[in-house]
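For reference, the structure is listed below as structure tokens.
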Amino acid sequence: MSSEFPAAGGSFRIAGHVVDILRRQILPAEVVVQDGRIVAREPRAASEVPSVYLLPGFVDAHVHVESSLLPPPEFARLAVIHGTVATVSDPHEIANVLGIEGVRYMRRTASEVPFLFWFGAPSCVPATRFETAGAELSVEEIRTLFDEGVPYLSEMMNYPGVLAEDPEVMAKLRLAQTYGRPIDGHAPGLRGEEARRYAAYGITTDHECFTLEEALEKVAAGMWILIREGSAARNFEALHPLLRLHPERCMLCTDDLHPDALVAGHINVLVRRAVAAGYDLFDVLRAACLHPVQHYGLPLGMLRPGDSADFIVVEDLQDFSVLATYVRGHCVAREGESLLPHREVELVNRFVRRLVRTEELRVPACPGRVRVIEAYDGQLITGELLWEVPTRDGELVPDPTHDVLKLVVVNRYAEAPPAVAFIRGFGLRRGAIASSVAHDSHNVIAVGASDEELCRALNAVMENRGGLAVAEGNSVQVLPLGIAGLMSPEEGYTVARRYMELDAAAKRLGSPLRAPFMTLSFMALLVIPILKLSDRGLFDGRAFRFVSLCAAQEEAGGGVQSTAVSSR
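To convert, note that position 412 of the sequence shown is 513 in the numbering used here; the numbers rise steadily by one, no gaps.
Right, here's the structure in full:
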């Protein structure tokens with residue numbers, strides 16, 4: 102079978118049943134490719150072509166490449182195996198670390214491979230003024246990126262700023278409109294009149310809907326809904342009825358995908374699930390292949406004469422097993438193997454290395470109940486609990502028996518005391534896990550059952566200037582992330598294997614979460630409510646302000662205090 106799929110560019114012919122998603126037809130034909138473009142599509146009898154299907158390549162309509170822990174060339178190397186030919190990518194992870202140079206780094210390394218990375222200009226760097234990031238992206242720097250060819254404004258996460266008509270937020274939205282750039286949204290839970298006002302500022306998409314009712318209201322407001330299924334947020338089950346109710350307003354995305362998941366599959370998995378659920382084949386393929394191309398103006402072909410030769414060959418239209426992937430006429434994957442080579446990339450970073458001491462993590466006891474973050478499996482939102490946290494020697498201490506653990510965030514950009522809070526949902530009975538991937542400012546975050554193990558995990562990340570770590574007693578495992586503390590320069594399968602080893606270690610410590618590290622990485626994301634922890638303190642994402650760890654202090658009029666703890 103391999104010989105039927107030429108690997109080189111130039112001129113070649115390939116036959117099969119062509120899936121024309123524009124005309125909603127499947128036609129036996131022979132496709133003629135020359136110099137990266139389709140020059141003809143010649144009709145054939147069904148008996149004259151192989152029993153395979155040619156269809157446009159899949160597009161991930163919203164993904165942060167950095168969350169795969171891989172730089173763009175290695176991400177592409179794995180994604181093409183599953184029939185993905187393009188991503189609409191927001192580089193705000195690395196932008197929060199390195200600013201405009203981080204965006205340029207992603208665009209530069211992405212240009213080295215035959216794969217379309219459609220990078221946007223991050224709109225919220227830093228995501229809020231309540232955390233410490235490594236950089237800022239000003240309105241003028243966004244203008245510079247637009248002038249350099251960046252084609253859209255990435256997700257506007259500061260929806261309170263939009264609704265309050267914050268001057269800087271308004272300036273960014275006006276700038277994108279002046280340049281004719283699409284504007285991506287991010288407004289979890291926004292409903293009714295507020296959702297309509299948000300969309301009225303020209304914001305055209307949302308990938309954060311977690312109920313069908315919310316999605317339908319945003320469709321009514323004129324927005325596209327991106328049905329998301331990633332390693333942390335999994336909304337497909339809640340939202341897939343949109344493929345029947347409003348197929349014309351749907352796209353598919355992963356948002357954040359860890360390397361083990363990318364090895365297993367990509368948008369092809371969502372397509373398979375949607376077709377298996379009984380949705381119209383062409384509606385599903387339009388969401389996966391066509392709508393991102395139309396909305397963002399991606400320079401991808403649709404298997405028509407004159408189009409760029411970007412397409413995939415699949416065995417059938419149920420499992421969508423990918424036999425070959427073509428980008429600009431080059432076969433980049435064939436029968437489960439990538440034909441793209443591993444590439445060495447430049448290491449860039451911004452990291453102040455410092456060791457954390459156990460005394461820095463102590464939290465003085467307070468009267469009454471304590472605000473505790475409640476983490477949910479498969480969701481980015483959290484809950485707020487009021488809990489009787491146990492005390493010992495005048496300190497609040499973790500209670501692993503009842504799944505009450507310490508959560509710590511340490512500033513990676515400057516010397517500062519850690520912020521400490523308590524959290525339920527991670528289920529660790531012992532040990533600790535830590536990560537320098539902590540959306541969106543990417544300080545170092547850890548959750549654990551004891552201060553000693555928390556320090557070991559945190560310091561393993563610190564010593565490597567970024568990484569993921571698991572500590573159990575005196576033993577520590579670590580996956581270094583030498584590119585901005587977010588990505589590894591190693592080969593993708595190696596990173597996936599090492600990540601899976603850490604994931605398994607976290608689960609041996611007791612975590613019931615499907616992706617403990619991915620869930621941990623969102624516990625500092627202040628723009629998604631309810632309760633999160635920044636490097637400066639405990640934060641209420643509904644009121645958009647810091648709150649006291651001890652609920653009784655605010656109830657008694659004691660005001661808001663930071664949970665950052667100093668050893669002095």
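Every residue gets a Cβ at the ideal spot worked out from N, C-alpha and C, and that includes glycine. If you're wondering where the values come from, they're calculated on a predicted model, not measured in any experiment.
Comparing C-alpha distances from E602 to each of E314, S239, A570 and R373 shows the shortest one belongs to A570. One alpha carbon belongs to S422, the other to I182, and they sit about 10 Å apart.
Following the DSSP letters along the chain, one finds R275 in no beta strand (DSSP E) but inside the alpha helix (DSSP H) bounded by residues P268 to T279. Excluding residues up to 5 positions away in sequence, E318 lie with their Cβ nearer than 8 Å to the Cβ of G293 in the same chain. The beta carbon of V134 is closer than 6 Å to those of F113, A410 and G430 in its chain, skipping five residues each way along the sequence.
Membership of M601 in the alpha helix (DSSP H) is indicated by the continuous run G593 to R609. Annotation note: the segment 527-584 contains the following uninterrupted alpha helix (DSSP H) runs of length 4 or greater, listed N- to C-terminal: 552-564.
By the CB criterion at 8 Å, V132 and L156 fall outside the cutoff.
Comparing alpha-carbon positions, the option among F231, G437, P192 and L386 lying closest to L246 turns out to be P192.
For the 8 Å CB-CB criterion, V189 and P393 form a contact. Between the segment 519-536 and the segment 612-627, the count of Cβ pairs shorter than 8 Å is three or higher; the stretches touch. E309 sits in coil when the DSSP states are folded into three classes, being neither helix nor strand.
Under the three-pair Cβ rule at 8 Å, the segment 554-569 does not count as touching the segment 638-654. Exposed is the label assigned to H503, since fewer than 16 other Cβ atoms lie within 10 Å of its Cβ. By the Cβ rule, the segment 246-260 counts as touching the segment 278-297, because three or more pairs are nearer than 8 Å. Taking every protein chain shown into account, the CB of Y477 has fewer than 16 other CB atoms within 10 angstroms, so this residue is exposed.
For K507, the pairing in a beta bridge is given by DSSP as F523 and G549. Apart from the 5 residues on each side of it in sequence, A277 sits with its Cβ closer than 6 Å to the Cβ of L254 and I284 in its chain, given in chain order. According to the DSSP assignment, Q395 belongs to the alpha helix (DSSP H) that extends over H392 to Y397. When rounded, the separation of the alpha-carbon atoms in Y380 and A466 is 55 Å. DSSP places Y380 outside any beta strand (DSSP E), giving it a letter other than H or E. The beta carbons of G549 and A558 sit closer together than 8 Å. I195 and V596 have their C-alpha atoms spaced approximately 18 Å apart. By the CB criterion at 8 Å, F645 and L481 fall outside the cutoff. Straight across, the Cα-Cα distance linking L440 with C432 is about 7 Å.
Shown here for P501: same chain residues with a beta carbon closer than 6 Å to its own, the five before and five after excluded, namely R530 and A550 in chain order.
In the structure shown, V251 falls within a coil segment according to DSSP collapsed to helix, strand and coil.
DSSP places E143 in no alpha helix (DSSP H) but in the uninterrupted beta strand (DSSP E) bounded by R138 to P144.
For V132, the uninterrupted beta strand (DSSP E) segment begins and ends at Q126 to Q135. Counting the other CB atoms within 10 Å of its CB gives A301 a total below 16, which places it among the exposed residues.
Exclusion of the five residues before and after F176 leaves V166 and S169 as the residues of its chain whose Cβ lies within less than 6 Å of its Cβ. Counting only unbroken stretches of 3 or more residues, the beta strand (DSSP E) elements lying wholly within the segment 154-198 are 154-157, 159-164 and 185-190, in sequence order. Rounded to the nearest angstrom, the gap between the Cα atoms of A606 and R138 is 48 Å. Per DSSP, reduced to three states, the secondary structure at Y299 is helical.
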